[in-house]
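Residue numbers (the working numbering), protein chains in the order written: chain A, -8 to 117; chain B, -8 to 117.
C-beta: ideal position from N, C-alpha, C; glycine also.
First comes the structure, then the notes that go with it.
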DNA sequence: CGAGGTGTGTGAAGATTGCATATAGATGCG
DNA sequence: CGCATCTATATGCAATCTTCACACACCTCG
């Protein structure tokens, strides 16, 4: 009882954002998972390698990317991913959706500022 | 259609966006759930009343909003919600998070357009 | 050999969401 | 009255998403 441990996942990131980023990065240039881990880490999305590999396999299962094993000069073999035609289309669809989300988000934040102004401490005009 | 059950939830909305909107709308003016359903429907967030009531109870459980029963002139009693001090703080925190998401999203979309440009055939639509 | 970097992957737990459904008071109409 | 409908709140369930923790394998270097 009285479990104050709420521990809610409040990062607010869009759903499937990782997938969208993967399609984008692979569109920019084909790569293998470990490379994408590092590229995404620099961007600040998807802090977990496991999620990334799982997402890649999911994308492949949907036919949005394709992979082939490739030998590495400095380590074990790796899976090299490329985006398919369907993947390109899906990315474009995602862009449309995310533009809508962007609009929502802008509306939310703008409205938030208005609300804060009106209930703020002294900034109120009039 | 086929046996390929992909059926992914790809709306791309930020997680807990409904909660954030509820805090904002309640900051603008206290209200009861049914009213919020209609306000949010106009905005285009949270198309489900059940989720909304569940979210409200969740917010209350966290002490971010408070409620009291109120008689209605035209229907059954309703629960009137107001935002608490903690709720205000949480909303401000959410604004900070969502500004980060906004930046991410802008970066993603900008980078997407660059990628599409470089691959030429992408822009031509119908 | 053993440690550590490279590279890919799964299991399980927790949280969120949407759909369907339940309950109940109030109102209007034949 | 009986019944549909609007108002109002709430729960059950399944699908999905995300993260944590861990497992497995290859390769190089000391």
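| Query | Result |
| --- | --- |
| Per-residue contacts from residue 37(A) into chain B (C-beta, under 7 Å) | None at all; the shortest Cβ gap to chain B is about 11 Å. |
| Alpha-carbon to alpha-carbon, residue 81(B) and residue 6(B) | 15 Å |
| Test: residue 9(B) CB closer than 7 Å to a CB of chain A | no |
| Presumed contact (8 Å Cβ cut-off) between residue 4(A) and residue 92(B), rounded CB distance | 6 Å |
| Residue from 25(A), 105(A), 59(A) with nearest C-alpha to residue 41(A) | 25(A) |
| Reduced DSSP category for residue 84(B) - H, G, I as helix; E, B as strand; rest coil | helix |
| Runs of alpha helix (DSSP H) lying entirely within the stretch -4 to 42 of chain B, each at least 4 residues, in chain order | 8 to 19, 24 to 34 |
| Rounded straight-line distance, which links the Cα of residue 16(B) to that of residue 27(B) | 8 Å |
| Spatial distance of residue -6(A) from residue 83(A) (CA atoms) | With a pLDDT of only 45 at residue -6(A), under the threshold of 50, the placement of this residue in the model should not be trusted; the figure read from the coordinates follows. Taking the straight line joining both Cα atoms gives about 44 Å. |
| Beta-carbon neighbours of residue 102(A), restricted to chain B and to distances below 7 Å | 15 |
| Three-way DSSP call (helix, strand, coil) for residue 57(B) in this model | strand |
| Cross-chain neighbours of residue 106(A) in chain B, by beta carbon under 8 Å | 15, 18, 19 |
| Residue 46(B) vs residue 89(B) beta-carbon contact at 7 Å | no |
| Interface flag, residue 31(B) vs chain A, CB-CB below 7 Å | no |
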